[in-house]
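Scroll down for the structure; my scribbles are underneath it.
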Amino acid sequence: MTSRGGAPDRGGMRGAAITRWASTRHVYVDNLKVILIALVIVGHAIIGYTEFDAWSYADVREVTLAPVTAIVLFVLGAPFGLLVIPLLFLVAGLLTPPSVERKGTGRFVGDRLLRLGVPFIVFALLIWPLLEYALFL
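Residue numbers (my numbering): 380 to 516.
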């Protein structure tokens with residue numbers, strides 16, 4: 380059996396398993412994750428333009444929000460901010476057992492280390508030091 384490109388199709392059974400797995404996904408959970416991650420990004424973007432000095436580039440910030448605007452956004456966003464990350468952890472925790480069941484413990488841990496560990500190491504050892512160096516030139 381060959382794939383569309385003419386190469387041998389070695390993933391026929393695996394492709395069927397993936398299709399079967401994808402058909403059991405709950406779209407509303409994926410949508411919830413997208414909305415929660417978008418809220419995290421919006422919250423961090425707002426904090427980046429306020430007078431809070433928690434960001435590493437606070438010393439070189441060129442534009443800030445008016446104090447009244449920052450307070451209004453904080454008052455409106457703080458209640459949601461208290462719930463977003465715990466809800467993301469809840470969703471992740473609820474989705475972990477089926478993933479471990481499907482992949483097995485070893486493959487699950489290996490996939491997580493590859494997906495999360497490698498980007499973290501690259502960021503911590505390469506990108507972050509370069510950013511800090513560039514900020515304080």
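Here a beta-carbon is modelled for each residue, glycine too, at the ideal position from N, C-alpha and C.
Open item on the list: Let's test the definition: count the other Cβ atoms within 10 Å of the Cβ of residue 429 and tell me whether it reaches 16, buried, or not, exposed.
Closed with: Under this definition residue 429 is a buried residue.
Open item on the list: Measuring straight from C-alpha to C-alpha, what distance separates residue 458 and residue 431?
Closed with: Straight-line Cα distance between these residues: approximately 18 angstroms.
Open item on the list: Any contact between the stretch 487 to 507 and the stretch 447 to 465? By contact I mean 3 or more CB pairs, one from each, below 8 angstroms.
Closed with: The stretch 487 to 507 vs the stretch 447 to 465: no contact.
Open item on the list: I'd like to know if the stretch 454 to 472 and the stretch 482 to 492 are in contact, where contact means that at least 3 CB-CB pairs between them fall below 8 angstroms.
Closed with: With the cut-off at 8 angstroms, the stretch 454 to 472 and the stretch 482 to 492 do not touch.
Task: Anticipated Cβ contact below 8 angstroms, residue 415 with residue 467, distance rounded - done: About 5 angstroms separates the CB atoms of residue 415 and residue 467; that is less than 8 angstroms, so the two are in contact.
TODO: Quick one: residues in its chain with C-beta nearer than 8 angstroms to the C-beta of residue 463, no 5 flanking neighbours on either side, listed in chain order?
DONE: Within the same chain, residue 463 has close Cβ partners 415, 418, 419 and 422.
Task: Three-way DSSP call (helix, strand, coil) for residue 423 in this model - done: In the structure shown, residue 423 sits in a helix (DSSP, three-state: H, G or I).
Task: Cut-off 7 angstroms between Cβ atoms - residues of its own chain near residue 478, not counting five sequence neighbours on either side - done: Cβ within range, chain order: 487.
Task: Contact test: residue 507 Cβ vs the ligand COA heavy atom, cutoff 7 angstroms - done: You won't find the ligand COA in this model; it holds no ligand whatsoever.
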